[in-house]
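Protein chains in written order, with this note's numbering: chain A, 32 to 520; chain B, 6 to 286. A virtual CB, placed ideally from N, CA and C, is assigned to each residue, including glycine. What you are looking at is a predicted structure, and each value in this text was computed from that prediction instead of being measured. Working notes for the structure below.
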Amino acid sequence: MDKKPRKLAPRTPMPEQPAKERVKNFSEVTTGYTLDMAVAEAARCLQCKKPVCQIGCPVEVPIKAFIGHLQKGDVTAAYKAIRETNSLPAVCGRVCPQEVQCEGACVLAKKGEPVCIGRLERFTADEYAARSACEQLTGDKACPMIREELKVACIGGGPASLTVAGYLSTLGIKVHVYEALHEPGGVLVYGIPEFRLPKAIVKREVQAMTENGVEFHLNWVGGRTITVQDLFDEGCQAVFIGVGAGLPRFLKVPGEDMTGVFSANEYLSRANLGRAYAFPEYDTPPFLGKQVVVVGGGNVAMDAARTAMRMGADKVSLVYRRTKNEMPCRLEELEHALDEGLHLEILTNPVRFAGDENGRVTGVTLERMKLGDPDEAGRCTPNCTGEYFDIPCDLAVIAVGTGPNPLLLEATPGLERNRRGYIEVNEDTGETSMANVFAGGDIVTGAATVILAMGAGRRAAKEIARRLLGDDAPQDVPPLHGGVPAAQD
Amino acid sequence: MPVAILKKRRLIPGQTSELTLDASHIARKARPGNFVILRVSEKGERIPLTIADTDPQAGTITIVYLVVGKSTAELETLEEGDSILDVCGPLGKPTHIESCGTVVCVGGGTGIAAMHHIAKGHKAAGNRVITVIGSRCEDLLLFKEELSMFADEVVVTTNDGSCGMQGFVTDGLRMVLDREPSVGEVVAIGPVPMMEAVANLTRPYNVKTTVSLNSIMIDGIGMCGACRVVVGGEVKFACVDGPEFDGHQVDFARMRQRLSAFKPQEELSWAEFRRLRGQEA
């Protein structure tokens, strides 16, 4: 027998469609672990006494416990463990930035080979999906008794609200979700593309909540069709606002209103919510470009660039004013995009768009940038150089963030806002300046990640449960931070 | 949540219809100038339509549409008792209605229906309402009776002279402006060239002119920016900043260009729809 210390096995690779194939379709890029792969990957987990990985998780997934069950091949127990704290595991397993959360904190990360926690979470959720929704949520066949007199409304149907709905419904509270669009899911549906998060996965999670008594009201616009006051008048005891970010930011440079220059929200909504990639079977038309420029360095920019490649672009250039190292996107998204042929124009910034006599964009003038000193957040500031060059384009997508959506805010003047225009909340409870009105997600933080929105939803839901159920509310687990040193900063 | 069609009136057979929809949740909130976004079927696109009237007591809203492409053609296939898959609203800022004496409301084509709700709002606010409506010929004229029921005057223009004055709505409007010394506001809704012509006409009269812009939209709730228009040199979103703007400030040329962004796809889609319907028949 080998007496040497056990050598760390490498991370189990995620099977994926080859780049050359996938760039021609909208099917999911990564195809998921098999049971054998999952058990093998779970076996790499050291089951640390102090699971530092869990500190990094905004929704407090009991990572050690669920991976422990997977080590024994018990998918059901693993699923139930995750589901105790996470209402959307199949989504999180796909879109969370694990490298800066759980996997970044994993002790094996010091050797560069953390346990693939995200992949295992996704596997667990997908593998378990065949069971009935009630069984998944509560562990028994019967749905929890919904007490109609305990009524909570969520405005907005994205990850934050779905987390609130998922959590409260398992405690027997009646939850109504008001969604402005025609499908629930928010950014999971209009923003994140099919090849990264299949819409069927979102549907499945929503379906599970419906079977658990959550009522979805689609095409109801918060602030227009229904106001916060209306909801209290109708007997709700608490209202959660998770309306997300809205108004896309533009660059405010000449020519930006030309035909062919899109916000990432529009470009992605057409493809995702409208299924424009399947036009004319679906009616929403896509705008096809051969020479595409995408401006930005976040996940949304990657999604737009990779969508453009799948829609038949000859060349997609990503214009970003810093370098690869400063890009806020997940590393995996950048790597996937580069494999698929993304062209980088780093250290450049658009100064104007040019167009033809019909007002259609034909090119963009970029200024070269150079990195200066780090700012307060530690990111190097891009500085102008006065050097310009032109590149041709027939489609440009601006993915430089969003501002707060005005609709609900205008209709709810009582809500205090911060200087950036987002809703001010109590950091411990998620409560706004209005009593029993809670908020979380992008409408509080500005554009952030799905998992941070879910974390905010979970925090507010716990407080709502405490107020509505009193002593019957689940006893809060002690904060995970207690006594455990932070893994990384 | 599907919305039932309680009543369908074929205003111009095969071309323009009026639908009364069972939508109390929208009716109780809708104000003049608001619009809805609807989707006819599972694979359909979201299309914005101005609310032509509401009846909060009965819980209904009324929409009027012109068949211009696949989505409106598909809407036209629905009958009383059928349902529209998705109806979302009320959207957009309501018309700013204040007491300003005499208001002239100008409507062209299907825009007359949208103007109807606004004219009614001005009348309810105590203003004297003169409406000017126009179409190619008498058969294509909408809402003449409905407007006569409350408007202080209905000026009719037709291109061929088959009803009212011969000419365009701008001819009718010019007559009114020359005659009336104190018009507080002109509201114009219709095709973009008509609204542009009205704005150009009223500029020398120095009268406040409001137009309602029918930009391309996806969500209608301020998320996508498809509907952006240039007003007074600034980019505005028609869905949340509008749809009504100061007609003297709107860059109509850019607006027309943006409206034609998807022309080839729109034509393809409609041709395909007609081909399939033809085969079915």
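Asked: Please identify, using Cβ separations under 8 Å, the residues of the region 80-96 of chain B that lie next to chain A, in order along the chain.; Found: L90, D91, V92, C93, G94, P95, L96
Asked: At what residues does the alpha helix (DSSP H) containing A:T290 begin and finish?; Found: No alpha helix (DSSP H) contains A:T290, which DSSP labels as neither H nor E.
Asked: Bridge partners of B:G113, per DSSP?; Found: B:G139
Asked: Helix, strand or coil, according to DSSP, for B:G94 in the structure here?; Found: strand
Asked: For A:C415, collect the residues of the same chain with a Cβ closer than 7 Å to its Cβ; drop the 5 residues on either side in sequence, then sort them by chain order.; Found: E398, M400
Asked: Closer than 8 Å by C-beta to A:G203: which residues in its own chain qualify, once you throw out the five before and the five after it? Chain order, please.; Found: P175, M176, I177, R178, L181
Asked: Since B:D91 and B:L43 are thought to touch, with beta carbons under 8 Å apart, how far apart are those beta carbons, to the nearest angstrom?; Found: 6 Å
Asked: At a CB-CB cut-off below 7 Å, which residues of chain B make contact with A:P423?; Found: The contacting residues do not exist; A:P423 stays about 19 Å from chain B at best.
Asked: Taking the continuous beta strand (DSSP E) assigned at A:L202, which residues delimit it?; Found: From DSSP, A:L202 is part of no beta strand (DSSP E); its letter is neither H nor E.
Asked: Where does A:L228 fall in DSSP's three states?; Found: coil
Asked: Taking just the CA atoms, how far does B:A63 sit from A:V270?; Found: 29 Å
Asked: Taking 8 Å as the cut-off, decide whether the C-beta atoms of A:L151 and A:Y221 are in contact.; Found: no
Asked: Alpha carbon to alpha carbon, how far is A:E364 from A:Q48? Give it in angstroms, no decimals.; Found: 14 Å
Asked: Quick one: is A:T290 near chain B, going by C-beta distance under 8 Å?; Found: yes
Asked: Starting from A:E297, follow the alpha helix (DSSP H) in both directions and report where the run begins and ends.; Found: 295-303
Asked: According to DSSP, is B:T163 helix, strand or coil?; Found: strand
Asked: What does B:K241 pair with, by DSSP beta-bridge criteria?; Found: B:V234
Asked: Just list the alpha helix (DSSP H) runs in the region 290-378 of chain A, keeping only unbroken ones of 4 residues or longer that don't cross its boundaries, in chain order.; Found: 295-303, 330-341, 362-370
Asked: Enumerate in chain order the residues of its own chain whose CB-to-CB distance from A:P120 is below 6 Å, with the five nearest sequence positions on each side excluded.; Found: I113, E152, A156
Asked: Is A:G203 close to chain B? Criterion is C-beta to C-beta, closer than 8 Å.; Found: no
Asked: Please identify, using Cβ separations under 8 Å, the residues of the region 206-217 of chain B that lie next to chain A, in order along the chain.; Found: none
Asked: I want to verify the contact list: residues of chain B whose CB lies under 7 Å from the CB of A:E246, in sequence order.; Found: Residues of chain B passing the Cβ test: none, with the nearest at roughly 11 Å.
Asked: To the nearest whole angstrom, what separates the beta carbons of A:V54 and A:M340, a pair I think is in contact under 8 Å?; Found: 5 Å
Asked: Throw me the rounded Cβ distance for the B:L145 and B:I17 pair, which I believe falls under 8 Å.; Found: 6 Å
Asked: Can you give me the C-alpha to C-alpha distance between A:L342 and A:L319, rounded to a whole angstrom?; Found: Leu is not the amino acid found at residue 342 of chain A; the sequence shown has Met there. Between A:M342 and A:L319, the C-alpha separation is close to 7 Å.
Asked: Between the region 383-398 of chain A and the region 284-292 of chain A, do three or more beta carbon pairs fall short of 8 Å?; Found: yes
Asked: Can you give me the C-alpha to C-alpha distance between A:P510 and A:T460, rounded to a whole angstrom?; Found: Residue placement at A:P510 is poorly supported in this model, since its pLDDT is 34, which falls under 50; the coordinates still yield a value, given next. Distance between the alpha carbons of A:P510 and A:T460: 14 Å.
Asked: Report the three-state DSSP secondary structure of B:F267 (helix, strand or coil).; Found: coil
Asked: Go ahead and label B:S187 buried or exposed: buried means 16 or more other beta carbons lie within 10 angstroms of its beta carbon, across all protein chains shown.; Found: exposed
Asked: If the cut-off is 8 Å on Cβ atoms, which residues from the region 237-270 of chain A count as contacting chain B, listed in chain order?; Found: H248, L249, N250, W251, V252, R255, T256, I257
Asked: Using a C-beta cutoff of 8 Å, does A:H100 count as contacting chain B?; Found: no
Asked: Using a C-beta to C-beta distance shorter than 8 Å, which residues of chain A count as neighbours of B:F267?; Found: P316, F318
Asked: Give, in chain order, every residue of the region 293-312 of chain A whose Cβ lies closer than 7 Å to some Cβ of chain B.; Found: S294, N296, E297, S300, R301, G305, F310, P311, E312
Asked: Can you name the residues of chain B whose CB is closer than 9 Å to the CB of A:H367?; Found: Under the 9 Å cutoff, chain B gives no residues; its nearest Cβ is about 25 Å from A:H367.
Asked: Does the separation of the CB atoms of A:V468 and A:I257 fall below 8 Å?; Found: no
Asked: I'd like the span of the alpha helix (DSSP H) that includes A:S58, first residue to last.; Found: A:S58 -> no alpha helix (DSSP H), and no H or E assigned at all.
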